[in-house]
Each structure stands twice: as C-alpha cells, then as structure tokens.
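Each residue of the sequence shown is one higher than the one before, starting from 106 at the first, in this note's numbering.
We treat Cβ as the ideally placed atom computed from N, Cα and C, and that holds for glycine.
In this text the structure is predicted, and so the values were computed from the model without any measurement.
Written out below as structure tokens is the structure these notes cover.
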Amino acid sequence: MKKELKRALYGAFEAPESQRKNAFLKNIRQPGIGYFKFVLLQASYIRKWVWGLSVTIFAAALIGGGFMERDVVWVLSALMPYLAAASIAESVRSEMYGMAELEMASRFPLKSVMLARMGILGVFHLTLLGLLVPFEHMYGVFTAFQTGVYLLVPYLLTNAGGLWLVRKIRSREASYVCMGYAIIISAFPIVSKYTITLLYQPEVFGWWLVLLAILCVATAVEYRKTVIRAEELI
C-alpha cells in the first residue's frame, strides 16, 4: 500500500524537465579577482612558521654580525639551505600531503597556486638577501658581490636538489628527505671554512660564478618540471 501511494504521489507531483539549464548555468559569472589580490590571498595562506623562520634568520644575521664579524658569512651561508627547504615544503605542500585533488577542486588552478607561493617566498628571500649583503660586507672580508654569491650558491643548490627529491619521492616523507638534504648542504660552508680554505681564495671565485650560473639554470628547470607535473594532475 505504501509503495503504491509513493508511486501515485511521485506521478502526481513529478517535477517538469528543466528548460535551458545549461544556458542558465553558463550565464552565471564567477566574481573576478585581480592578480595583486590573488597574490596577497596566497601569501595569507603561507604558514606563519615559514615567515617566522625567514625573519629569525634575518634578525640573527643582523645581531650576530657585530659579534661574529668575519665568520658571519659562513654562518649565514649555512642557514640559507633552511630557507630554501622551507620554501619548497610550503610551495608543494598540497602534493606532499595528498591534498592535490582538493586544491584542484578549489577556485584557482593548482599550477597558479604553486607558482604564486614559489614566487612570493622567492622574492621575499631574495629581498632579505639583498638587505643582508651590504650589512655583512661591513663585517666580512669579501666584497658585497662575493658575499651575495657565497649566500646564493647554497640556497640555489638546496632549491634545485630539493625540488628534484620532491618530484621523485612524491609523498609526505619528501619533506623529511628534503630537510635532511638541507642539513647536509648547510654543513658544507662551516666545514669547508676550516678544511678547504682554497675555495674562498680570489683566484677560485670564477668557479663560484660558473657554479652559480649552473645552479640558476638547474633551479629554473626544476621549477618548470614541478609546474608541468602540477598541470598533469589536472
């Protein structure tokens, strides 16, 4: 009896077929958002500890410069890999933690989100580096240009290698492996200061420039491959 009643009610009150449904949905416009507002929005999503780590290293370099004097360049070089590792972990966080599908279902493409976060942190770190170089030059024995190169090399080396590791491992463990890699890179400036002093002689500086150029290309290639991989997930 109940089934017959349900069928009767369904037949009496059956909803009519929708007319021009697709045309109506196409006319619904999503509210637009400017590029600058999009960048600010993504900056607000970057975790606070990433900003805090960057500012802490910057403050430590300013304060420690007066105490460590000549050693400040090596100490700061040893800290650069941690900035790079934090930037990588934040930029590809969605993929490492298995949230890529959720990001792709959001309003903005995963590729745009990844590029925005990479760009924000990259510009922020380069700005801090640009502010630090003249200050550290006052206390160190190198020129401002040499100081900048010695700081950029470990940063870019960690960036290129870290992005490669993240692409190969493709899991949450990638963040730990990337941090372990950063620790190894950070130890090199301190160890080489006392064991391979020839590396910092003026006649060897040309090789540092060659290494810097190679790392710039390698980092750009890894960024491109990371973005292409994000496009493949869509």
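Query raised in the report: So, are the CB atoms of L378 and L270 less than 7 Å apart?
Result: Coverage of the chain is limited to positions 106 through 339, which leaves residue 378 absent and any answer about it impossible.
Query - CA nearest to the CA of A221, picked from E327, I274, Q147 and Q251 - result: On the sequence shown, position 116 is the one that residue 221 refers to. Nearest C-alpha to A221: Q147.
Report task. Please report how far the alpha carbon of S182 lies from the alpha carbon of P294, in whole angstroms. Result -> Here residue 182 is taken as the residue at index 77 of the sequence shown, counted from 1. Here residue 294 is taken as the residue at index 189 of the sequence shown, counted from 1. Cα to Cα, the separation comes out at about 6 Å.
Report task. Report the residue from V238, W312 and I225 whose alpha carbon sits nearest the alpha carbon of A189. Result -> Counting from one through the sequence shown, the residue named residue 189 turns up at place 84. Per the C-alpha coordinates, the member of V238, W312 and I225 positioned closest to A189 is I225.
Requested in this report: Return the Cβ separation of A164 and V177 in integer angstroms, given the expectation that the two are a contact with Cβ distance under 8 Å.
Outcome: Working through the sequence shown from its first residue, we reach residue 164 at position 59. Working through the sequence shown from its first residue, we reach residue 177 at position 72. Incorrect: roughly 13 Å between the Cβ atoms, too far for contact.
Query raised in the report: What separation, rounded to the nearest whole angstrom, lies between the Cα atoms of A323 and K142?
Result: Against the sequence shown, residue 323 aligns to sequence position 218. Against the sequence shown, residue 142 aligns to sequence position 37. The alpha-carbon atoms of A323 and K142 are separated by roughly 31 Å.
Query raised in the report: Using the C-alpha atoms, what's the distance from M185 back to M284?
Result: Within the sequence shown, numbered from 1, the residue matching residue 284 stands at position 179. Within the sequence shown, numbered from 1, the residue matching residue 185 stands at position 80. The alpha-carbon of M284 is positioned some 12 Å away from that of M185.
**Report entry** Check: W179 C-beta below 6 Å from any heavy atom of the ligand COA
**Finding:** The model depicted lacks the ligand COA and carries no ligand whatsoever.
Query - Sub-7 Å separation of L195 and I168 beta-carbons - result: Position 90 of the sequence shown, counting from 1, holds the residue named residue 195. Position 63 of the sequence shown, counting from 1, holds the residue named residue 168. Inspection of the sequence shows that residue 195 is occupied by Glu rather than by Leu. No.
Query raised in the report: What residue from L304, G157 and G267 has the CA that sits closest to V326's CA?
Result: Residue mapping note: residue 326 aligns to position 221 of the sequence shown, counting from 1. Per the Cα distances, G267.
Query raised in the report: Between L304 and the rest of its own chain, which residues show a CB-CB distance below 7 Å, the 5 nearest in sequence each way excluded?
Result: By 1-based counting over the sequence shown, the position of residue 304 is 199. Within the same chain, and ignoring the five residues on either side of L304 in sequence, the residues whose Cβ sits closer than 7 Å to its Cβ are S297.
Query raised in the report: Which residues mark the beginning and the end of the alpha helix (DSSP H) in which R272 is found?
Result: As a working mapping, residue 272 is identified with position 167 in the sequence shown. Note, R272: alpha helix (DSSP H), A249 to I274.
Query raised in the report: Nearest to Y140 by alpha carbon, out of S217, V155, N264 and A292?
Result: The residue given as residue 140 occupies position 35 in the sequence shown. Closest in alpha carbon position to Y140, among S217, V155, N264 and A292, is S217.
**Report entry** 7 Å CB neighbourhood of V144 in its chain, flanking five on each side removed
**Finding:** Translated into positions along the sequence shown, residue 144 becomes position 39. If we look at V144 and ignore the five residues flanking it on each side, its Cβ neighbours are A221 and I225.
Query raised in the report: Looking at V238 and W313, is the spacing between their C-beta atoms short of 7 Å?
Result: Working through the sequence shown from its first residue, we reach residue 313 at position 208. Working through the sequence shown from its first residue, we reach residue 238 at position 133. In this structure, V238 does not lie closer than 7 Å to W313 by Cβ.
Report task. Answer yes or no: do I274 and V282 have a C-beta to C-beta separation smaller than 7 Å? Result -> Residue mapping note: residue 274 aligns to position 169 of the sequence shown, counting from 1. Residue mapping note: residue 282 aligns to position 177 of the sequence shown, counting from 1. In terms of Cβ geometry, I274 and V282 form a close pair [threshold 7 Å].
Query raised in the report: What whole-angstrom Cβ distance do L320 and L231 have, given they're in contact under 8 Å?
Result: In the sequence shown, the residue the question calls residue 320 occupies position 215. In the sequence shown, the residue the question calls residue 231 occupies position 126. By a beta-carbon distance limit of 8 Å, L320 does not contact L231. Their separation comes to about 14 Å.
Report task. Use the C-beta contact count for T248: other C-beta atoms within 10 angstroms, 16 or more gives buried, fewer gives exposed. Result -> By one-based count along the sequence shown, residue 248 stands at place 143. An exposed status is given to T248, since fewer than 16 other beta-carbon atoms sit within 10 Å of its beta-carbon.
Requested in this report: Go ahead and label S159 buried or exposed: buried means 16 or more other beta carbons lie within 10 angstroms of its beta carbon, across all protein chains shown.
Outcome: The sequence position of residue 159 within the sequence shown is 54, counting from 1. S159 sits buried, since 16 or more C-beta atoms from the chains shown fall within 10 Å of its C-beta.
Query - Three-state secondary structure assigned by DSSP to A210 - result: Translated into the one-based positions of the sequence shown, residue 210 becomes position 105. At A210 the pLDDT is 45, less than 50, meaning the model places this residue with poor confidence; the figure from the coordinates comes in the next sentence. The answer is coil: DSSP assigns A210 none of H, G, I, E or B.
Query raised in the report: In three-state terms, what does DSSP make of R152?
Result: Here residue 152 is taken as the residue at index 47 of the sequence shown, counted from 1. In the structure shown, R152 falls within a coil segment according to DSSP collapsed to helix, strand and coil.
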